[in-house]
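K.L.:
Take a look at this one; I'll ask things after.
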Amino acid sequence: MAAVGFANAQTAAVPEGYTRPGPVTERGLAPGLQSKVVYQGPNGETTYALIFGKGDEILSGLTEFAEARKLTAGYFSAIGALERARFGWFDAAKKAYRNIPIQQQAELISLLGDVGLVEGKPQIHAHGAVGFSDGEVRGGHLLQAFVWPTLELFFTALPATLIKEKDPETDLDLFDLKATS
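For the sequence shown, this note's numbering begins at 573 and goes up steadily by one.
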């Protein structure tokens, strides 16, 4: 299973079963991703339809999409299905996400997220929930997810700039509405 790389927020070792917060660092894992502009708003907003193909990794594809279009603010929602994934629950004491692995086919019931700038580059932040054949639901902060057979996502890019700054208490990049680019 390919892993999506995350930049370490600290130099301390990551506890086993945890993932440090940070931007996606691995690229090229969503070769089947297609996009199309579906709406141009009167105030500069643009909505895209993004369709991910079999085996595409969501965060890698969204990061490349945002970088290629130089997005500085926006939000998205999606539904689809996954062959495997890793969600996380933030453990404040460890300043890391406790991994919630998904090792089977699951319906992506909901995926919601945003984009803002971290050190001048777009960073994707997403939370989601998946459902299983018995009706059980799991989810959390999205750390990694591989599509099967498809994911349908609508992404609205905004004509604003939102900046995230490192929060020293948590090591998370959080929106700072007073920050300027």
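Glycine included, each C-beta is placed from N, C-alpha and C at the ideal position.
Considering only the alpha carbon of each residue, which of N615, L746, Q677 and A665 lies closest to A729?
P.N.:
It is N615 whose Cα lies nearest to the Cα of A729.
K.L.:
In chain order, what residues of the same chain have a beta carbon less than 6 Å from the beta carbon of K626, not counting five sequence neighbours either side?
P.N.:
Counting only residues of its own chain and dropping the five nearest sequence neighbours on each side, K626 has a CB closer than 6 Å to the CB of W720 and P721.
K.L.:
Tell me, to the nearest whole angstrom, how far the beta carbon of H699 is from that of G711; I am working on the premise that it is less than 8 Å.
P.N.:
7 Å
K.L.:
Do G685 and F648 have their C-beta atoms closer together than 8 Å?
P.N.:
Their beta carbons are under 8 Å apart, which means G685 touches F648 by this criterion.
K.L.:
Taking the straight line between their C-alpha atoms, what separation do you get for A638 and Y620?
P.N.:
11 Å
K.L.:
For F704, which three-state DSSP category applies?
P.N.:
In the structure shown, F704 sits in coil (DSSP, three-state: anything other than H, G, I, E or B).
K.L.:
DSSP three-state call for T757: helix, strand or coil?
P.N.:
Residue 757 is absent from the structure shown; the chain starts at 573 and stops at 753.
K.L.:
Would DSSP call E629 helix, strand or coil?
P.N.:
strand
K.L.:
Helix, strand or coil for A584, going by three-state DSSP, please let me know.
P.N.:
coil
K.L.:
Go ahead and pull the three-state DSSP assignment for A729.
P.N.:
Looking at A729 - three-state DSSP - the assignment turns out to be strand.
K.L.:
From P731 to E679, what distance separates their C-alpha atoms?
P.N.:
32 Å
K.L.:
Residues in its own chain within less than 7 Å of L744 by CB, not counting five upstream and five downstream?
P.N.:
P593
K.L.:
According to the Cβ coordinates, are F659 and I674 closer than 8 Å?
P.N.:
yes
K.L.:
Can you tell me where the beta strand (DSSP E) with E617 in it begins and where it stops?
P.N.:
First-last for E617: undefined, no H or E at that position.
K.L.:
Closest to Y590 by CA distance: which of L631, E636, I672 and V610 is it?
P.N.:
Taking Y590 as reference, the option from L631, E636, I672 and V610 with the minimal CA-CA separation is I672.
K.L.:
With DSSP as the reference, please indicate the residues paired to W720 in a beta bridge.
P.N.:
Answer is none; W720 lacks a bridge partner.
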